[in-house]
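In my numbering, the protein residues as written are 1210 to 1470.
See below for the structure under consideration.
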Amino acid sequence: MASILVSLETGVLSITLNRPDKLNSFNPEMHELLRRALARAHDEDAVRAVLLTGAGRAFCAGQDLSERNVSPGAAPIDLSLSLGSHYNPLVRRLRELPKPVVCAVNGVAAGAGANIALACDLVVAARSASFVQAFSKIGLVPDSGGTFFLPRLVGTARAMGLALLGEKLSAEDAAQWGLIWKVVDDAQLSKEALAISRNFSEGPTKGYGLIKKAFSMSATNALDAQLDLERDLQRQAGFTEDYREGVAAFKEKRKPAFKGK
Ligand code: T3D
């Protein structure tokens, strides 16, 4: 059974983490298949949005701990190799993909699984889902961008509480805290996430990519630099066919037919 399911329909590349018996935790094969799927999302013009979700009762439980042959007294292992070759490139790929990535969190998202969800552009969670910064429970540090995303999304006090305590945060609280876009009833999750993704796949793809870039840079830019960046990105956006179509459609009081160009 493939550890990732991938399908392309009406411009949406759906990627499902598919190791349900392991709560979709990461092993090297799943990393590699996800890497390939995101490379396809990047390279193919036919892909205009990505929808990431999990099979079964979990979204993703982070690293598959059964793959870590560690025990008290045994030789230590160097986890920087795993972050350097798998988790960090994955987060960079998600952030740098110039197309919107929707994450449908269908169940528990723990460890790197929680932070990979947060690295996506828009997170919708099922009401029964939860987010767990499980790292401290096993003596580790939040990774996959957790120490970057969490304080920016919910503030340092809540980020610190989540990281140090490693307790489950319900999807409802996650939405209330501003960690995610919204929570929906479990039965509505697939439909809602697909509708958002389809909406993106019919949208001004290049403009979306530029919005991602603007927000990504705003994390470190001062206002002056960000204003300059907005000027430059708007220049690029103004050169797109979709901008011309958007304004024409507005004036003609019709739905725009964006081509992603
Ligand atoms: O190593 C490196 O490469 C460094 C990078 C690390 C990145 C990381 O993600 S580190 C953090 C790793 N993840 C965790 O620590 C999460 C561990 N899991 C949990 O805390 C809980 O299982 C959950 C909160 C995710 C879910 O809790 P619950 O009560 O719903 O389920 P459960 O009963 O704990 O788990 C169900 C089964 O899934 C269970 O197996 P069993 O007993 O039925 O055979 C459990 O062992 C298994 N499972 C859950 N998480 C993992 C896992 N198996 C392997 N790896 C897991 N991460």
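The C-beta atom is built at its ideal place from N, Cα and C for all residues, glycine as well.
Please read all numbers here as calculations on a predicted model, not as lab measurements.
**Q.** Neighbourhood of residue 1291 by C-beta, 8 Å cutoff - its chain only, sequence neighbours within 5 removed
**A.** 1272
**Q.** N- and C-terminal bounds of the beta strand (DSSP E) containing residue 1331
**A.** 1331–1335
**Q.** Same chain only: Cβ atoms within 6 Å of residue 1302, ignoring 5 sequence neighbours per side
**A.** 1247
Q | Sequence-distant residues of its chain with Cβ nearer than 6 Å to residue 1331 (five each side left out) | A | 1311 and 1390
Q. In this structure, does DSSP put residue 1260 in helix, strand or coil?
A. strand
Q. Looking at residue 1257 and residue 1414, is the spacing between their C-beta atoms short of 7 Å?
A. yes
**Q.** Cβ-heavy atom distance, residue 1393 to the ligand T3D, below 6 Å
**A.** no
Q) Nearest to residue 1212 by CA position, among 1220, 1250, 1328 and 1269, is which residue? A) 1269
(Q) Any heavy atom of the ligand T3D inside 6 Å of the beta-carbon of residue 1345? (A) no
Q: Measure the Cβ-Cβ separation of residue 1318 and residue 1398 and say whether it is below 7 Å.
A: no
Q) Buried or exposed: which applies to residue 1463, given that a residue is buried once 16 or more other Cβ atoms fall within 10 Å of its Cβ? A) exposed
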